[in-house]
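Asks: Structure incoming, see below.
Protein chains in written order, with this note's numbering: chain A, 1 to 217; chain B, 1001 to 1217.
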């Protein structure tokens, strides 16, 4: 099977990439530049793909980016909140309809380039804050993907019921170079250690019982 | 209700726009530049919106357009087929996953700008050729739209069970300026009269018993 991984350069999608490679899939990766505050994650994604010989495409959402407003991840006038990633305040990091748009684009790219499946790394820890990581949403999109073209393309979300700690544990088995991955929403020289996604990252290593190789500021 | 109409400047979406205006909705329109062979339909869309005081946004898919390949509507090396719009050959005009991508972008824009609904003009005549106009696909997308954000946004497709002749009849009641609308896939000075969408257009007026004001080459 030829699988296109929606790839951010973070832990979840990197473990997903390694999982697909380990399963012997023919793997490609696609990332989206949607006007994130920083391009750190896109650089990370390219580097990790390059190291594994995975073809990686970065799609510039260009003018589309302006549709994805109202989130602290894209609008620099809204501060990135510090705190626990399940806090109500973290909803400031929700980018309206980002996942539907990214999945639609990945499915279009997949259909155009002969992929059999698109895979993305939504997991159980995302559900409280991100409406478009909930299993019901993913199921609706899987249904839409199965109907959108005369050719068949599948939408895979193998981590949907996993915690982030489960993903870290699986990543350790697959020798994922965690130190190369990037999570922090702030995009400084090092992970800040205090934004929602840094807190989630630290906690996942702790719960998984795996040494966290990340350097926090 | 504040409704955002996915607007191509063709008959179906123009009647939809007038239907929403007639219902007293607060209406906006959104069109997509996805590297169509010609920009005729985008110019038409802007002109009709301008005449009715409807705010119209054209979103440039930019680099995204390259994902939408393999169709005679976007790839000038593939000829636009002549013939009946239900012929198997018309599948050459299917743009991979175009509707999911356009609907996702319209939903993102709608959420960002406080719309309650996104409406699009898929109708029963599209089902044989365009997989992403089938009721099952639309239902899956309606379901995804209802789940993609914490705010509620609806996806409306009021013509889903109508024939194009039904749409023309309704348009005549609403005084839609059909002569201003544009359907032809070829984008010449006048409608060619022979491509699938021109054949469909002529037939719809005939079946509706409405005089066709279109000038065909």
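Beta carbons are placed, not taken as given, at the ideal position from N, Cα and C, and that holds for glycine. In this text the structure is predicted, and so the values were computed from the model without any measurement.
Considering only the alpha carbon of each residue, which of B/1009, B/1204, B/1203 lies closest to residue 1056 of chain B?
Replies: Checking every option, the nearest Cα to that of residue 1056 of chain B belongs to B/1009.
Asks: Would you say residue 1105 of chain B reaches chain A, if we count a Cβ-Cβ gap shorter than 8 Å as a contact?
Replies: Yes, contact with chain A.
Asks: Confirm, please, whether the CB-CB distance from residue 213 of chain A to residue 178 of chain A is below 8 Å.
Replies: For residue 178 of chain A and residue 213 of chain A, yes; Cβs fall inside 8 Å.
Asks: Whole angstroms are fine: how far does the CA of residue 1196 of chain B sit from the CA of residue 1023 of chain B?
Replies: Rounded to whole angstroms, residue 1023 of chain B to residue 1196 of chain B spans 32 Å at the Cα level.
Asks: Which word fits residue 1151 of chain B, buried or exposed, when buried means at least 16 other C-beta atoms lie within 10 angstroms of its C-beta?
Replies: By the 10 Å Cβ count, residue 1151 of chain B comes out exposed.
Asks: Note down, in chain order, each residue of its chain lying with its Cβ closer than 7 Å to the Cβ of residue 1148 of chain B, except the 5 sequence neighbours on either side.
Replies: Excluding sequence neighbours, residue 1148 of chain B sits near 1107.
Asks: For residue 216 of chain A, is the classification buried or exposed, using 16 other Cβ atoms within 10 angstroms of its Cβ as the cut-off for buried?
Replies: Classification of residue 216 of chain A: exposed, given that the 10 Å Cβ count is below 16.
Asks: Only counting runs of 3 or more residues, tell me where the beta strand (DSSP E) segments fall wholly within the stretch 1121 to 1178 of chain B, in order along the chain.
Replies: Listed in chain order, the complete beta strand (DSSP E) runs (minimum 3 residues) inside the stretch 1121 to 1178 of chain B are 1154 to 1156.
Asks: When burial is assigned at 16 or more other CB atoms within 10 Å of the CB, is residue 35 of chain A buried or exposed?
Replies: Residue 35 of chain A comes out buried.
Asks: Between the alpha carbons of residue 96 of chain A and residue 1211 of chain B, how many angstroms are there, rounded?
Replies: Cα to Cα, the separation comes out at about 44 Å.
Asks: Quick check: the Cα distance between residue 1018 of chain B and residue 1043 of chain B, rounded to an integer number of angstroms?
Replies: Taking the straight line joining both Cα atoms gives about 18 Å.
Asks: Hey, quick one: how far does the alpha helix (DSSP H) through residue 1050 of chain B stretch, first residue to last?
Replies: Here the alpha helix (DSSP H) through residue 1050 of chain B covers 1040 to 1051.
Asks: Output the distance between the C-alpha atoms of residue 118 of chain A and residue 1208 of chain B, rounded to the nearest integer angstrom.
Replies: Each residue's alpha carbon lies about 43 Å from the other.
Asks: Do you know how far the Cα of residue 1191 of chain B is from the Cα of residue 50 of chain A?
Replies: Rounded to the nearest angstrom, the two C-alpha atoms are 49 Å apart.
Asks: Count the other CB atoms within 10 Å of the CB of residue 2 of chain A; is the residue buried (16 or more) or exposed (fewer)?
Replies: Classification of residue 2 of chain A: exposed, given that the 10 Å Cβ count is below 16.
Asks: Whole-angstrom Cβ separation of residue 1121 of chain B and residue 1016 of chain B, contact assumed at under 8 Å?
Replies: The Cβ separation is near 4 Å, so the contact holds.
Asks: With a cut-off of 8 Å, does the C-beta of residue 1116 of chain B fall near any C-beta of chain A?
Replies: So no, residue 1116 of chain B is outside the interface.
Asks: Measuring alpha carbon to alpha carbon, tell me which of A/52, A/146, A/46 ends up nearest residue 175 of chain A.
Replies: Out of A/52, A/146, A/46, A/52 has the C-alpha closest to the C-alpha of residue 175 of chain A.
Asks: For residue 1210 of chain B, does the three-state DSSP call read helix, strand or coil?
Replies: Residue 1210 of chain B falls in the coil class under three-state DSSP.
Asks: Using the rule of at least 16 other Cβ atoms within 10 Å of the residue's Cβ for burial, across every protein chain shown, is residue 1186 of chain B buried or exposed?
Replies: Flag for residue 1186 of chain B reads buried.
Asks: May I have the straight-line CA-CA distance separating residue 125 of chain A from residue 1166 of chain B, to the nearest angstrom?
Replies: The alpha-carbon atoms of residue 125 of chain A and residue 1166 of chain B are separated by roughly 48 Å.
Asks: Over the uninterrupted beta strand (DSSP E) stretch that includes residue 1029 of chain B, give me the two end residues.
Replies: Run containing residue 1029 of chain B: 1026 to 1033, per the beta strand (DSSP E) assignment.
Asks: Can you check DSSP and say which residues form a bridge with residue 1055 of chain B?
Replies: Answer is B/1028.
Asks: Quick check: what's the CA-CA separation for residue 203 of chain A versus residue 11 of chain A?
Replies: The straight-line gap from Cα to Cα measures roughly 13 Å.
Asks: How would you call residue 164 of chain A, buried or exposed, if buried means at least 16 neighbouring beta carbons within 10 angstroms?
Replies: Flag for residue 164 of chain A reads buried.
Asks: Checking the sheet assignment: what are the DSSP bridge partners for residue 216 of chain A?
Replies: For residue 216 of chain A, which the question treats as bridged, DSSP gives the partners A/191.
Asks: So, helix, strand or coil for residue 1117 of chain B, using DSSP?
Replies: Looking at residue 1117 of chain B - three-state DSSP - the assignment turns out to be strand.
Asks: What does residue 3 of chain A pair with, by DSSP beta-bridge criteria?
Replies: According to DSSP, which records beta bridges pairwise, residue 3 of chain A is partnered with A/27, A/117.
Asks: In angstroms, rounded to a whole number, what distance separates the CA positions of residue 60 of chain A and residue 1206 of chain B?
Replies: Rounded to the nearest angstrom, the two C-alpha atoms are 44 Å apart.
Asks: Provide the residue(s) that pair with residue 1246 of chain B in DSSP beta bridges, ordered along the chain.
Replies: No answer is possible for residue 1246 of chain B: it lies beyond the span of chain B, which begins at 1001 and ends at 1217.
Asks: Taking the DSSP output, what are the residues bridged to residue 259 of chain A?
Replies: An answer regarding residue 259 of chain A cannot be provided, because it is not within the stretch 1 to 217 covered by chain A.
Asks: Between the stretch 40 to 61 of chain A and chain B, which residues of the former have a C-beta closer than 8 Å to a C-beta of the latter?
Replies: Within the stretch 40 to 61 of chain A, the residues whose Cβ lies closer than 8 Å to some Cβ of chain B are 59, 60, 61, listed in chain order.
Asks: Could you tell me which chain B residues have their CB closer than 7 Å to the CB of residue 111 of chain A, listed as they occur along the chain?
Replies: What residue 111 of chain A touches in chain B: 1096, 1097.
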